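Residue numbering for the sequence shown follows the numbering used here, starting at 35 and increasing by one per position.
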Amino acid sequence: MSRQTVLNIENLERTYGQGKHALTVLKGANLTISAGEMVALVAPSGTGKSTLLHSAGLLERPDSGDVYINGVATRGLEDSRRTEMRRIKIGFVYQFHHLLPEFSAEENLMIPQLVRGTDRDTARSRARELLEYMKIGKRATHRPSELSGGEQQRVAIARAVANGPNLLLADEPTGNLDPETSDHVFHALESLVRTAGLSALIATHNHALAEKMDRIVTLEGGQVREL
C-alpha cells in the first residue's frame, strides 16, 4: 500500500540578486517525501541546501515551481496562511538549539502550543510527555543554561514536534555535538520520527547518520539527485 505524500517539491527555481550579480541556486529541483520517511540531505556548503530547506519550510518563496504540503500548493498562499501551515504542519530543528534562555525546558515546549491556541494544562501535559519520551523528563524545570548540549538539543527536537506536525525539517541537528552525544541525539530523533510517523528531511554532513535514514539525496547543479 502506497504511503501518503507529505512533502512534494516540484520544479523549484530560486535566484538571488539581479543582472550580472544574479546567482541561481535551485534549477528545477524536485523532491518527494512520504509519510514516515526519513531522507538525508548531504551536500557541500553553497550548493543550495539551506535554500531547499527554507523553501520546504515555507520560510522562502521560490521564483517558480511550488512546494506542496499534504497536497496543498503553497507558493501562492497569503503570508498569514503560510505562517499558519508552518506553525501546525512543520517542525524545525537547527544546529543550535535556539531555546528561550529565560524559560525552563517544559516552558519552551509549552510556548509554541500556547501560540497555536492550546490550553495551558494540555500544553504542559504534552510537554512533559515529550520530555519523558526524550529521556529528559527529570530536567523539565531546568533552564537551557543548566542543560548539557545533548539535553538542549533533545529539548529542541521535542519542541519541534510539540504541535504534532506532519513534516520535520532539520538543518545539521547534531552538527554542534561530539560524536557520542551526536549518536544519542540522533537515535532519539529517529525514534520520535518513527513512532509519530513523521516525514523528515535532515541536512547533515555526517555520513554515518545519513546511512541510517531511508534515502540519501544531494544537490548538484541546482537539482536534487539520489545517492
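Note that CB positions come from ideal geometry on N, CA and C, so glycine has one too.
Please read all numbers here as calculations on a predicted model, not as lab measurements.
By DSSP, does residue i sit in helix, in strand, or in coil?
{"i": "Met119", "result": "helix"}
{"i": "Glu44", "result": "strand"}
{"i": "Ser89", "result": "helix"}
{"i": "Met72", "result": "strand"}
{"i": "Tyr233", "result": "Just to set this straight, residue 233 is Ser in the shown sequence, not Tyr. Note: Ser233 maps to strand in three-state DSSP."}
{"i": "Leu6", "result": "There is simply no residue 6 to check, as the chain begins at 35 and stops at 261 in what is shown."}
{"i": "Met35", "result": "Because the pLDDT at Met35 is just 49, under 50, the model does not fix this residue reliably, and the point stays unresolved."}
{"i": "Gly151", "result": "coil"}
Starting from residue i, follow the alpha helix (DSSP H) in both directions and report where the run begins and ends.
{"i": "Arg173", "result": "Per DSSP, Arg173 belongs to no alpha helix (DSSP H) and is neither H nor E."}
{"i": "Asp100", "result": "Premise fails: Asp100 lies in the beta strand (DSSP E), 98-103, not in any alpha helix (DSSP H)."}
{"i": "Leu243", "result": "241-244"}
If we ignore side chains and look at the alpha-carbon of each, how far apart do residue i and residue j end up?
{"i": "Lys61", "j": "Arg158", "result": "44 Å"}
{"i": "Ser26", "j": "Ser182", "result": "Nothing about residue 26 can be read from this structure; the chain reaches only from 35 to 261."}
{"i": "Gly255", "j": "Glu140", "result": "43 Å"}
{"i": "His55", "j": "Gly80", "result": "16 Å"}
{"i": "Ile191", "j": "Phe126", "result": "8 Å"}
{"i": "Leu253", "j": "Val76", "result": "8 Å"}
{"i": "Pro207", "j": "Gln52", "result": "33 Å"}
{"i": "Val195", "j": "Thr49", "result": "31 Å"}
Buried or exposed: which applies to residue i, given that a residue is buried once 16 or more other Cβ atoms fall within 10 Å of its Cβ?
{"i": "Ala107", "result": "exposed"}
{"i": "Leu261", "result": "exposed"}
Hey, is residue i close to the ligand ZN, as in C-beta under 6 Å from one of its heavy atoms?
{"i": "Pro96", "result": "This structure lacks the ligand ZN; in fact it carries no ligand of any kind."}
Provide the residue(s) that pair with residue i in DSSP beta bridges, ordered along the chain.
{"i": "Arg249", "result": "Val73"}
Starting from residue i, trace the beta strand (DSSP E) both ways and give me its first and last residue.
{"i": "Val127", "result": "124-127"}
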